[in-house]
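One structure below.
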Ligand code: NAD
Ligand code: ZN
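Numbering (the working numbering), first residue to last: 10 to 260.
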């Protein structure tokens, strides 16, 4: 972890009028939920390009539900890690306007963040693709999966955005507004290759925002728009930034 870059990030956050965070699967890896690119566990068995595509759900929902069941069992027992908690703390200090997340795990909210925009939906609710009935998924028992619609008995689909599906309209509108009006973006744990999500930091950059990237490895953003990359694990870097921000505030 580069101490100078931690200090620089803290300074940038303190000087920025409005800062947002843009997070991806990498921020939840230290909570035990594997990301897509870091090949381990779940995604060695299930190729996300295949299993997370809406066509796969339509043509073979039972098979896709096998993957969802494993993903849900991880999500349901996962706890926020110091990176989620650090972002919640920045929000409480009035230094973070919102989090645009590509994650569906709800860990930002569990950490106490209030203004969370779920760009790729959530695992907490499920919908019937036939009659649009929506149900609360948080009280579902894993043994009851895959669940069926109580009205028409079709298979339900979690309200997560599959490849090939549209982004929830409200999330798109609000995140565009946030990206156009911020002065700094903390990009954390995303490979930034899934679109349209990845356009968020580009939009912010076009409007003059500073792009602070926190990632284990470089991404397309690193060369193209990031002002700097703090390389390492988000669970270590975020608390260090928060500490430095607190020190800077006291000065
Ligand atoms: P990704 O898997 O493509 O990329 C993750 C990035 O995080 C990589 O660059 C990796 O180097 C980095 N990373 C891994 N561990 C890290 C750590 N401890 N600290 C900092 N960085 C770390 O993820 P993506 O860009 O979010 O795209 C995957 C898509 O899959 C998203 O749309 C997301 O909705 C979905 N997804 C969500 C979850 C979840 O909800 N937790 C999990 C897997 C996939
Ligand atoms: Zn139905």
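Cβ atoms here follow ideal geometry from the backbone N, Cα and C, with glycine treated the same way.
DSSP beta-bridge partners for residue i?
i: residue 167; result: 135
i: residue 240; result: 224
i: residue 176; result: The partner list for residue 176 (beta bridge, DSSP) is empty, contrary to what the question assumes.
i: residue 194; result: 29 and 220
i: residue 257; result: Note: residue 257 sits in no beta bridge, so no partner.
i: residue 110; result: 32 and 127
Report the rounded CA-to-CA distance for residue i versus residue j, giving the unit in angstroms.
i: residue 6; j: residue 136; result: In this structure the chain extends from 10 to 260, so residue 6 is not present and cannot be described.
i: residue 126; j: residue 180; result: 6 Å
i: residue 30; j: residue 116; result: 14 Å
i: residue 71; j: residue 142; result: 19 Å
i: residue 213; j: residue 194; result: 7 Å
i: residue 246; j: residue 17; result: 12 Å
i: residue 172; j: residue 199; result: 16 Å
i: residue 254; j: residue 14; result: 12 Å
i: residue 189; j: residue 109; result: 13 Å
i: residue 165; j: residue 55; result: 20 Å
i: residue 242; j: residue 35; result: 9 Å
i: residue 167; j: residue 74; result: 10 Å
i: residue 211; j: residue 234; result: 7 Å
i: residue 114; j: residue 104; result: 23 Å
i: residue 53; j: residue 100; result: 36 Å
i: residue 63; j: residue 258; result: 47 Å
i: residue 86; j: residue 42; result: 10 Å
i: residue 182; j: residue 176; result: 10 Å
i: residue 148; j: residue 19; result: 40 Å
i: residue 158; j: residue 145; result: 12 Å
i: residue 224; j: residue 24; result: 22 Å
i: residue 244; j: residue 227; result: 17 Å
i: residue 219; j: residue 66; result: 39 Å
i: residue 106; j: residue 39; result: 24 Å
i: residue 81; j: residue 150; result: 10 Å
i: residue 68; j: residue 162; result: 17 Å
i: residue 90; j: residue 215; result: 32 Å
i: residue 27; j: residue 45; result: 30 Å
i: residue 230; j: residue 21; result: 18 Å
i: residue 184; j: residue 33; result: 14 Å
i: residue 251; j: residue 207; result: 25 Å
Which two residues bound the contiguous beta strand (DSSP E) that contains residue i?
i: residue 160; result: Unbroken run through residue 160: none, as it is neither H nor E.
i: residue 143; result: 143 to 145
i: residue 120; result: From DSSP, residue 120 is part of no beta strand (DSSP E) but of the alpha helix (DSSP H) over 116 to 120.
i: residue 233; result: Taken as a continuous stretch (DSSP letters only), residue 233 belongs to no beta strand (DSSP E), being part of the alpha helix (DSSP H) at 229 to 233.
i: residue 151; result: Residue 151 -> no beta strand (DSSP E), and no H or E assigned at all.
i: residue 125; result: 125 to 127
Kindly indicate if chain B contains any beta-carbon less than 7 Å away from that of residue i.
i: residue 138; result: Annotation note: the requested chain B is absent from the structure, which comprises a single protein chain.
Along the alpha helix (DSSP H) that carries residue i, what are the first and last residues, could you check?
i: residue 209; result: 208 to 215
i: residue 19; result: 12 to 24
Which full runs of the alpha helix (DSSP H) of 4+ residues lie inside the region 28 to 108, going along the chain?
51 to 54, 57 to 60, 63 to 68, 70 to 86 and 91 to 101
Of all residues in the structure, which have a C-beta closer than 6 Å to any heavy atom of the ligand ZN, taken in chain order?
137, 139, 140, 142, 158, 160, 161 and 163
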